[in-house]
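Data block below; observations after.
2 protein chains.
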Amino acid sequence: MSISDKLSPIAENFSLKSHTFELLRAAILDMDIYRPDVDLRLDERKLAEKLGVSRTPIREALAQLAQEGLVHIVARKGVFVCRKTREEILEMVVTWAALESMAARLATQNASDAELQALRDFAIEHSSDVERADLEEYSDANIVFHQTILELSGCQLLKKMADTLFTHMQAVRRRAMGESDRARRSVADHMGIIDALITRDADLASRRVREHTMRLHDHIAKTWSRIEALGSWRDLAS
Amino acid sequence: MSISDKLSPIAENFSLKSHTFELLRAAILDMDIYRPDVDLRLDERKLAEKLGVSRTPIREALAQLAQEGLVHIVARKGVFVCRKTREEILEMVVTWAALESMAARLATQNASDAELQALRDFAIEHSSDVERADLEEYSDANIVFHQTILELSGCQLLKKMADTLFTHMQAVRRRAMGESDRARRSVADHMGIIDALITRDADLASRRVREHTMRLHDHIAKTWSRIEALGSWRDLAS
DNA sequence: ACTTGATGTGTGGTATACCATATACAAATG
DNA sequence: CATTTGTATATGGTATACCACACATCAAGT
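Listed in order, the protein sequences are those of chains S and R.
End of the first sequence = 238 in the numbering used here, gap-free, step of one.
End of the second sequence = 476 in the numbering used here, gap-free, step of one.
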């Protein structure tokens, strides 16, 4: 191990573009875009000034964010943070269900007994979060649970696409996971999923994951009529 | 209908960036990136000169293409067209199966009888292509068939993500759909899928779509050992 | 009062200049 | 001859200047 081995990662693959991209991405995901009074417009020059860089890397980062669907760029009008409609959110959940149910199917085939056992232990351990009404904690565990299934599928693309959907729904999730009876149901669902995985029942695991996620879908469909009223960037297209 | 309705789309939402993006995208998808001798490097200045624009829109378009996974940008090294490994291609097929099987499930619920009947007619009509050994024609019909299922799901996100995967596999598909016995099997599969859709059997339709697509997966897994040898952009990361 | 047009300002789109690094090659050194 | 080091050049990264358009404001005319 020479000294160069330790130093090489420094400044490797760094650029203001990618740095700006990460920064803006995090900032956008962090903001509560569904509050009616937030300003969705992003001013390139102000962003450039705030970040202490020129407009060029800002614009390149924004182009990437637009490709990812986080912002919407209208030529000669401006760039706006994308506020998702209720229908778009529902579609994201459906697509997520599609990806994760396939992941579960693959996991029955690719995951080791040890990995599944570890997942089971983890789920049991955090099931008490719900009893203690520690929903914050459980929400995190819940995310880890689902990410683990994607991971155990062995298909990186499935995980990557699901992760993208996940981050898009981050602002939404803060509100979705609400009442403790939904959490309680969630715990039961998770145990059912794990059982199916451990018994290597691909069809059952796949089905249970799908139905579990679709319950979230139905819940959002029923309880979220208000986002609709806020409108989205589409209103700008006259 | 006033005259302004007809004229409004002119120059609406046009920018050299988006134009360049489309152009480069089409060009990349059109090139046969798996020939060992092709140059995967894209020179910004040469591209700018060829397209008669400055580097700025080129770079913004390239940033978007990188986000989509079509090219890989290495800081201060260059931008290279992404050559997919066999494993990545297989993962794309798996993910595609996940998306389309969910689409089929939804289609049993959302598609009208008329739409399914039209799909059936279309499939029957083009089943003769295989008999006539017109695989070119059948390949196109095959694509339309699958796109229609995505369409009938009523979930635009499913279709959009599947379409993205589709275009990524375009260069691959030219080689995959080969022997006529695979095409014949494909016809039978399609009819089975349509039957399941018409009888509104969600589980069956979903399963048949998945198994149909996974047959392509297994076929690629068996017959494509050579792409592996070509290497990819990853070789550039020393 | 309403419409229409001129004008000014702000913002995004594009071009270009300049900087830093990677790379190749040449020259120097042992 | 091998190794190293300087240097030239090409190329990507960044900053900046400038342009065109959108929009607001206001003035003039009807």
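A virtual CB, placed ideally from N, CA and C, is assigned to each residue, including glycine.
| Query | Result |
| --- | --- |
| Among R:Ala345, R:Glu287, R:Phe252 and R:Thr437, nearest to Arg76 (chain S) - alpha-carbon criterion | R:Phe252 |
| Within 8 Å, strictly: CB atoms of Ala205 (chain S) and Ala97 (chain S) | no |
| Buried versus exposed, by CB contacts within 10 Å (16 or more), Pro295 (chain R) | buried |
| With 16 other Cβ atoms within 10 Å as the buried cut-off, status of Val309 (chain R) | buried |
| C-alpha gap between Ser292 (chain R) and Leu157 (chain S), whole angstroms | 35 Å |
| Residue from S:Asp163, S:Lys84, S:Ala188 and S:Asp121 whose Cα sits closest to the Cα of Val130 (chain S) | S:Ala188 |
| Pairwise C-alpha distance: Val81 (chain S) and Trp462 (chain R) | 43 Å |
| Interface flag, Cys320 (chain R) vs chain S, CB-CB below 8 Å | no |
| Residue ranges of each alpha helix (DSSP H) within the stretch 80-126 of chain S, 4 or longer | 86-110 |
| Helix, strand or coil at Arg293 (chain R) according to DSSP, with G and I counted as helix | helix |
| Neighbouring residues, chain R, relative to Asn13 (chain S) (Cβ below 8 Å) | Val312 and Ala313 |
| Pairwise C-alpha distance: Leu24 (chain S) and Ala48 (chain S) | 11 Å |
| Residues that DSSP places opposite Val309 (chain R) in a beta bridge | R:Val319 |
| Within chain R, partners of Leu23 (chain S) - CB distance below 8 Å | Result: empty, since nearest Cβ-Cβ is about 15 Å, beyond 8 Å. |
| Anticipated Cβ contact below 8 Å, His287 (chain S) with Ala141 (chain S), distance rounded | Residue 287 (chain S) falls outside the range modelled here, since chain S spans only 1 to 238, and no answer is possible. |
| Nearest neighbour of Ser18 (chain S), chosen from S:Glu87, S:His146, S:Ser153 and S:Leu62 [CA to CA] | S:Leu62 |
| From S:Phe166, S:Ser101 and S:Gly52, residue whose alpha carbon lies closest to that of Leu197 (chain S) | S:Ser101 |
| C-alpha distance - Thr199 (chain S) paired with Ser366 (chain R), whole-angstrom precision | 44 Å |
| Euclidean distance between Cα positions of Gln302 (chain R) and Phe259 (chain R) | 7 Å |
| Run of the alpha helix (DSSP H) containing Thr20 (chain S), from where it starts to where it stops | Leu16 to Asp30 |
| As assigned by DSSP and simplified to three states, the class of Leu42 (chain S) | strand |
| Residue from R:Ile431, R:Leu388, R:Thr323 and R:Gly430 whose Cα sits closest to the Cα of Tyr272 (chain R) | R:Thr323 |
| Close-in-space but distant-in-sequence residues of the same chain around Glu325 (chain R) (CB under 7 Å, 5 per side omitted) | none |
| 8 Å Cβ cut-off: residues of chain S touching Ala345 (chain R) | Simply none; closest approach about 12 Å. |
| Lys460 (chain R) at chain S interface by Cβ criterion, 8 Å | no |
| First through last residue of the alpha helix (DSSP H) which encompasses Met161 (chain S) | Gln156 to His168 |
| Chain S contact residues for Glu329 (chain R), given Cβ-Cβ distances below 8 Å | Cys155, Gln156, Leu157 and Leu158 |
| Residue span of the alpha helix (DSSP H) that contains Ile271 (chain R), given as start and end | Run containing Ile271 (chain R): none; DSSP gives neither H nor E here. |
| Check whether Thr167 (chain S) and Leu42 (chain S) have beta carbons under 8 Å apart | no |
| 7 Å Cβ cut-off: residues of chain S touching Arg297 (chain R) | Glu60 |
| Rounded distance between the beta-carbons of Val331 (chain R) and His237 (chain R), thought under 8 Å | Residue 237 (chain R) is absent from the model: chain R starts at 239 and stops at 476. |
| Within chain S, partners of Gln302 (chain R) - CB distance below 8 Å | Ala63, Gln64, Ala66 and Gln67 |
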